[in-house]
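Below is one structure; the comments refer to it alone.
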Amino acid sequence: QHFRGRKNRCYKLAVRSVRRAFVKSTKARREKKRNLRALWITRIEAASLEHGLKYPAFISNLLKSQVELNRKVIADLAIYEPKTFKSLAALAQRRRQEGFLAALGDGKEPEGIFSRIVHHY
Amino acid sequence: VARTSLTSPPWPEVKLPDPVEEAKYHTEVVQKVNKMIATGQYGRLFAVVHFASKQWKITSEDLIMMDNVLEAECGDRIRMEKVLLVGADDFTLIGRPLLGKDLVRVEATVIEKTESWPKINMRFRRRHNYQRKKIILNPQTVLRINTIEIFPCLS
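Structure follows, in structure tokens:
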């Protein structure tokens, strides 16, 4: 690091490489936020798969049960607080099952409609 | 209703436990946790606090640095509201989304108010004789979390 070869000794080459280094650092500051969020998401996905849930199911059920924790904090909890993460996963699983039951409804047919099976021979 | 491939849903059928029994179990658990908090059988508490538009996972005696200015002098005690989660070794209290102010109390003091290291913002377009250089100094504040307390007022 600190500029390889003649870039750390000769003025003309050094000016160019230092300019490029500044520009790259400014762009990287914007990319850092995206990279960190992707890292948190992969960590949360791995931790929730250990508890038998996929990441989209986990996050959507957590949001539906009005728990607004961001991904950074959930990733930290998954690393340092496994019991708390397990309870969050259980909460998401329970909310998911309640959602399925609510989506099914009664299981009866609407009025004025009958259904029958047609056999082709 | 005739049985087709679409009558039963593709997910496995799960039966939820009985609501009455569940309510009894919930009250039992809540009383147990209340007793534990009242007798003080918890070790180190951690909390998740929403502060300065960011969420922080904090414990007692730890430092937090934020990239903005607080309107408090150095040495002022601050009480943080907007607590999202509180936990100890055996139990956690998850807020939906926030916990009550009569349940948790997070105290912090302002230690330092400095500026960040000089960050360089440079834009450059090659072959067009365009470069701009700007040095940015962000004001920062450092807080130390003194205590996190919980009170046994669950229901």
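Protein chains in written order, with the numbering used here: chain B, 5 to 125; chain L, 12 to 166.
Even for Gly, the Cβ is constructed at its ideal location relative to N, Cα and C.
As the structure is a computational prediction, the values presented were derived from the model and not from experiment.
Chain B within 8 Å of residue i, Cβ atoms only
| i | result |
| --- | --- |
| L:PRO21 | no |
| L:PRO30 | no |
| L:ILE111 | Note on identity: in this sequence residue 111 of chain L is Gly, with Ile being the wrong assignment. False, the Cβ-Cβ gap to chain B never drops below 8 Å. |
| L:GLY98 | yes |
| L:VAL153 | no |
| L:GLN66 | yes |
Simplified DSSP state of residue i, which is helix, strand or coil
| i | result |
| --- | --- |
| B:ARG55 | Note on identity: in this sequence residue 55 of chain B is His, with Arg being the wrong assignment. Reduced to three states, the DSSP call for B:HIS55 is coil. |
| B:ASN39 | helix |
| L:GLU92 | coil |
| L:LYS130 | strand |
| L:GLU32 | helix |
Cβ neighbours of residue i in the same chain (closer than 8 Å, five flanking residues each side left out)
| i | result |
| --- | --- |
| L:GLN142 | MET133, ARG134, PHE135, ARG136 |
Residue i, buried or exposed, once every other Cβ within 10 Å from all chains shown has been counted against 16
| i | result |
| --- | --- |
| B:GLU85 | buried |
| L:VAL18 | Residue identity differs from the one stated: residue 18 of chain L is Thr in this sequence, not Val. The residue in question, L:THR18, is exposed, as its Cβ has fewer than 16 Cβ neighbours within 10 Å. |
| L:LYS68 | buried |
| L:ILE161 | buried |
| B:THR88 | buried |
| L:VAL40 | exposed |
| B:ARG33 | exposed |
Chain-order list of residues whose beta-carbon lies under 6 Å from that of residue i (same chain, five-residue window excluded)
| i | result |
| --- | --- |
| L:TYR53 | ALA99 |
| B:VAL22 | none |
| L:MET76 | GLN151, VAL153 |
Test: residue i CB closer than 8 Å to a CB of chain L
| i | result |
| --- | --- |
| B:PHE26 | yes |
| B:LYS76 | yes |
| B:THR88 | yes |
| B:SER29 | yes |
| B:ARG120 | yes |
Residue i beta carbon near the ligand ADP (any heavy atom closer than 7 Å)
| i | result |
| --- | --- |
| L:GLN66 | This structure does not include the ligand ADP; it has no bound ligands of any sort. |
Contacting residues, own chain, Cβ-Cβ under 7 Å from residue i (five flanking each side not counted)
| i | result |
| --- | --- |
| B:ARG3 | This structure gives no information on residue 3 of chain B, because the portion of chain B shown stretches from 5 to 125. |
Report yes or no: do three or more beta-carbon pairs, one from the segment 22-35 of chain L and one from the segment 67-78 of chain L, lie closer than 8 Å? no
Quick check: the segment 148-161 of chain L against the segment 41-57 of chain B, are there 3 or more CB pairs under 8 Å? Result no; under three Cβ-Cβ pairs closer than 8 Å.
For the structure I just gave you, are there three or more beta carbon pairs, one from the segment 24-37 of chain B and one from the segment 63-79 of chain B, closer than 8 Å? At 8 Å Cβ cutoff, the stretches do not touch.
Mind listing which residues of the segment 130-159 of chain L have their C-beta closer than 9 Å to chain A's C-betas, in chain order? The structure shown contains no chain A; its protein chains are B and L.
Any chance the segment 88-97 of chain B sits against the segment 67-79 of chain B, with 3 or more Cβ pairs inside 8 Å? yes
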